[in-house]
Amino acid sequence: MALRDDTLVQNRRGFLKSGAGLLAMTIMPSGLIVGNAWAQMPQSTDPDTFKTLVQMSRDCYPHAQIEDKYYANAVNILDEAARSSEEELAFLEDNCAKLDKAAMDAHGVRYSEIPSDDDRTALLKLIETDPFFQKVRGNLVVGLYNQKELWPVFGYEGASADKGGYMDRGFNDIDWIS
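What the sequence shown shows, in full-length UniProt numbering, is residues 1 to 178, in sequence order.
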């Protein structure tokens, strides 16, 4: 029988409890979007591009009760598409750079750093017919609203076909329309 010295063995929970986890989270690689509780790290796009896309997504479909991580989940779909296509990657990077340049020219900071919702929205209105804007907006329709964790926030109970359909289950339950 071999004896094991457990004094040097430390699990993840012990690591985090010790405070070393806090230090490690502070000294993360630059690929992590620091300051937001996002599980994703961009795999293809530049971290600043990813951050711009998340802020743009929030500005297109603003929901104060939804955390940024859900917007990051939606943007991750674009990031994954960019991983398999150099053209997609260039499209996202170039257009986010243009949006950041417009923000710099107008406000002296990157788009994601503009503090005013109205100022960011004004910049988006300038590009709302642009294919870039339409691509991001279109991605959000599925990328944001198809996250099952968010369905209760919007009052959606999920698919009803396997429960007899909507006529007998929730058809007249909408109390948010006056």
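Glycine is no exception: its CB is placed at the ideal position from the N, C-alpha and C atoms.
Skipping 5 residues on each side, what residues in its chain have a beta carbon closer than 7 angstroms to that of residue i?
i           : result
T26         : Caution applies to T26, whose pLDDT of 36 falls short of 50 and renders its modelled position unreliable; the model cannot decide the point.
Q65         : V153
T121        : D59
A161        : none
E86         : none
G165        : none
residue 189 : The structure shown has nothing for residue 189, since the chain only spans 1 to 178.
T7          : Residue confidence for T7 is low, a pLDDT of 45 falling below 50, so the modelled location carries little weight and cannot support an answer.
S84         : none
N172        : none
Between residue i and residue j, how many whole angstroms is the CB-CB distance? I'm expecting something under 8 angstroms.
i           : j    : result
I77         : G143 : 5 angstroms
L89         : A97  : Contact doesn't hold; Cβ gap of about 12 angstroms is too wide.
F50         : V75  : 6 angstroms
C60         : L140 : 6 angstroms
residue 179 : D94  : The requested residue 179 does not occur in the structure, where the chain is confined to residues 1 to 178.
F133        : L124 : 7 angstroms
Going along the chain, which residues of its own chain have a beta-carbon closer than 8 angstroms to the beta-carbon of residue i, five neighbours each way excluded?
i    : result
E149 : Y70
H107 : I114, D119
H63  : V153
Q147 : Y70, N73, A74
W151 : E157, G158
D130 : N95
At a cut of 8 angstroms, does the stretch 149 to 160 reach the stretch 92 to 112 through at least three beta carbon pairs?
-> no
Flag this pair as touching only if the stretch 111 to 124 and the stretch 42 to 60 have three or more C-beta atom pairs under 8 angstroms; answer yes or no.
-> yes
4-residue-minimum alpha helix (DSSP H) runs that sit fully inside the stretch 97 to 162, ordered along the chain | 117 to 126, 131 to 143, 151 to 154
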